[in-house]
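Just so you know, the protein sequences line up as chains S and D, in that order.
For what it's worth, UniProt numbering labels the leading residue of the first sequence as 1, then goes sequentially.
For what it's worth, UniProt numbering labels the leading residue of the second sequence as 1, then goes sequentially.
One structure is given below, encoded as structure tokens.
Protein chains: 2
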Amino acid sequence: MNSPHFSTKERILGAAEELFARNGFAGASLRELTSTAKVNLAAVNYHFGSKDNLVNEVFRRRLDELSAQRLEALQQVLSRPAHTLEDILAAFIHPALLLSLDKSGGSTFVRVLARAYAEHNERLRKFLSENYGHVLKEFANAFGARLPHLDKEELYWRIDIIAGALTYAMADFGVIKRRASMSEKIHRERAAEHLIRFAAAGLRAE
Amino acid sequence: MNSPHFSTKERILGAAEELFARNGFAGASLRELTSTAKVNLAAVNYHFGSKDNLVNEVFRRRLDELSAQRLEALQQVLSRPAHTLEDILAAFIHPALLLSLDKSGGSTFVRVLARAYAEHNERLRKFLSENYGHVLKEFANAFGARLPHLDKEELYWRIDIIAGALTYAMADFGVIKRRASMSEKIHRERAAEHLIRFAAAGLRAE
DNA sequence: TTACAATTCAAACGCCCGTTTGGTTCCTTC
DNA sequence: GAAGGAACCAAACGGGCGTTTGAATTGTAA
């Protein structure tokens, strides 16, 4: 992660992701962060201007790619004439799963994302909604087309529930403890499987 | 909330709930907290020993009652011979809904609870698991009895998903914005309805 | 009323925070 | 190899943090 062949900025972003996930945005100090990243204390303010802006950059680095992958997967699913509800769900959930399995810190970023929700920070919500809200809308359209029996309000409620469940499941917040015999990878893949099956049934309800 | 006829301890707990919800546990300082509660700075350490223990007490004050209500509702449901899966879900979700509608701070406590999930704090998780883990187990048994086709792992995954979605929905994290014409009360009741229907379908899947 | 415990209080403790500074080193470019 | 900008660094800044102290105040029971 913080090997010497990574640039200072990259090492800072990596350490920030790690510590934001573990201790929260307020709880992660620049001193611990720069020490983890093996850079000078002043490097954060030199390269990112402030701690607040560092938070933004941590999100941007991952969400640009995640959103692109989701939209591409959705497009690919919709181009197949025989696609199912589960396929659309997979287009939404699978990129998040892949990200969570990413060798270089992706798994911790999912927890950072969940923290962002919990922070309820208006500045951050606005940033996320403005930059990545259109992705949710695309998926809502896709679900809506396959679920004509649901009115718009019902549909949005259910997508909201799925997003919440996905966030919590991927961030490993629940009571389920991974057994020692099961790898992290398989554990998360199971979570995604269960979530897709559960969410598909929930969407089809009534 | 912090009227003079409340005791010092009660005023501290009320202010703590409010500030923990708004700023998180690390983000809420004892100076702002005691100032809000109109008590001396040293009062927290005098009455609660430490900030960490104050966090515990904020949870205990609400969760004792919530857990009791959930278990009582569950018992009542199970005593009826013709109860449904939705009834059990309602026994779990409805007390949380009532709490979130409580006039004196209950709605903010739900957000504190959601923060606790996101914090991923080992100390806090242990406290919650030790004190309130048995409630989840009771419900797991009830669900399991009605869903014999699910093995234990499947069952726990689904309960985990439901708990996550409930926390997320009640804490108002999602994209759904309450319309101005709809009261907070009705908005949350709708959320609970949708969640029950969604979760029941998810539990019955496969 | 007196004695004692419980509570409240202002002040201070040592510590860690995000940020800034001014100098040093590194790396281009000519 | 000299010039100059980019990057790095140790040190310090002011300020807020959780906690502790010891004295003042309030409440209570004899």
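Where is the CB? At the ideal position from N, CA and C, for every residue including glycine.
Quantities reported herein were computed from a predicted structural model and do not represent experimental measurements.
Cα separation between residue i and residue j?
i, j, result
"R31/S", "T108/S", "20 angstroms"
"I162/D", "S67/S", "25 angstroms"
"F143/D", "K152/D", "11 angstroms"
"R115/S", "P148/D", "36 angstroms"
"N2/S", "G14/S", "Reliability of the predicted coordinates at N2/S is poor, the pLDDT of 37 falling under 50, and no value is obtained from them."
"E206/D", "A165/D", "20 angstroms"
"R190/D", "L150/S", "15 angstroms"
"P4/S", "K51/S", "Because P4/S carries a pLDDT of 46, less than 50, the predicted location of this residue cannot be relied on, and no value is offered for it."
"G27/D", "A16/D", "11 angstroms"
"A118/D", "A118/S", "6 angstroms"
"S100/D", "K9/S", "43 angstroms"
"P81/S", "A73/S", "14 angstroms"
"A180/D", "L113/S", "28 angstroms"
"R158/S", "T167/S", "14 angstroms"
"I186/D", "Y156/S", "16 angstroms"
"L124/S", "Q75/D", "43 angstroms"
"F25/D", "T34/D", "14 angstroms"
"N141/D", "A171/S", "25 angstroms"
"L19/D", "S7/D", "18 angstroms"
"V39/S", "R11/S", "8 angstroms"
Name the residue from the options whose alpha carbon lies nearest to the alpha carbon of residue i.
i, options, result
"N23/D", "H120/S, A73/S and A90/S", "H120/S"
"H94/S", "D52/S, S7/S, L71/S and I159/S", "L71/S"
"H83/D", "E18/D, M182/D, S181/D and R146/D", "R146/D"
"E154/S", "Y168/D, E154/D, E193/D and K137/D", "E193/D"
"L136/D", "K126/D, F92/D and E122/D", "F92/D"
"E122/D", "N56/D, F139/D and S104/D", "N56/D"
"A96/S", "Q69/S, V77/S, A37/S and L19/S", "Q69/S"
"F139/S", "L54/S, V110/S and L78/S", "L78/S"
"E65/D", "F127/D, M182/D and L98/D", "L98/D"
"A21/D", "S29/D, V110/D, D102/D and R188/D", "V110/D"
Quick one: which chain D residues come within Cβ less than 9 angstroms of residue i?
i, result
"L144/S", "It should be noted that the sequence gives Gly, not Leu, for residue 144/S. Those within 9 angstroms of G144/S in chain D number zero; the least Cβ separation is about 15 angstroms."
"E206/S", "R197 and A201"
For residue i, go through chain S and note every residue whose CB falls closer than 7 angstroms to its CB, in chain order.
i, result
"D87/D", "By Cβ distance, chain S contributes nothing, its closest Cβ being about 16 angstroms from D87/D, past 7 angstroms."
"A165/D", "I161, G164 and A165"
"Y132/D", "Ordered by position in chain S, no residue passes the 7 angstroms Cβ test against Y132/D, which lies about 11 angstroms from the chain."
At 9 angstroms on the CB atoms, spell out the chain S contacts of residue i, in chain order.
i, result
"R111/D", "A118 and H120"
Taking residue i as the query, report the chain D residues whose CB atoms sit under 7 angstroms from its CB, ordered along the chain.
i, result
"A114/S", "A118"
"G49/S", "The premise fails here: G49/S is roughly 21 angstroms from chain D at the closest Cβ pair, so nothing lies under 7 angstroms."
Please list the partners that residue i has in chain D, where partner means a Cβ-to-Cβ separation under 8 angstroms.
i, result
"H194/S", "E154, W157, R158 and I161"
"A169/S", "D160, I161 and G164"
At 8 angstroms on the CB atoms, spell out the chain S contacts of residue i, in chain order.
i, result
"A26/D", "N23, G24, A26 and G27"
(request) Check whether the region 195 to 205 of chain D touches the region 185 to 200 of chain S, counting contact only when three or more Cβ pairs, one atom from each stretch, lie closer than 8 angstroms. (result) yes
(message) Taking contact to mean 3 or more Cβ pairs, one atom from each stretch, closer than 8 angstroms, check whether the region 126 to 136 of chain D and the region 36 to 54 of chain D are in contact.
(response) no
(request) Determine, using beta-carbon pairs with one atom in the region 85 to 96 of chain S and one in the region 47 to 61 of chain S, whether at least three such pairs fall under 8 angstroms. (result) no
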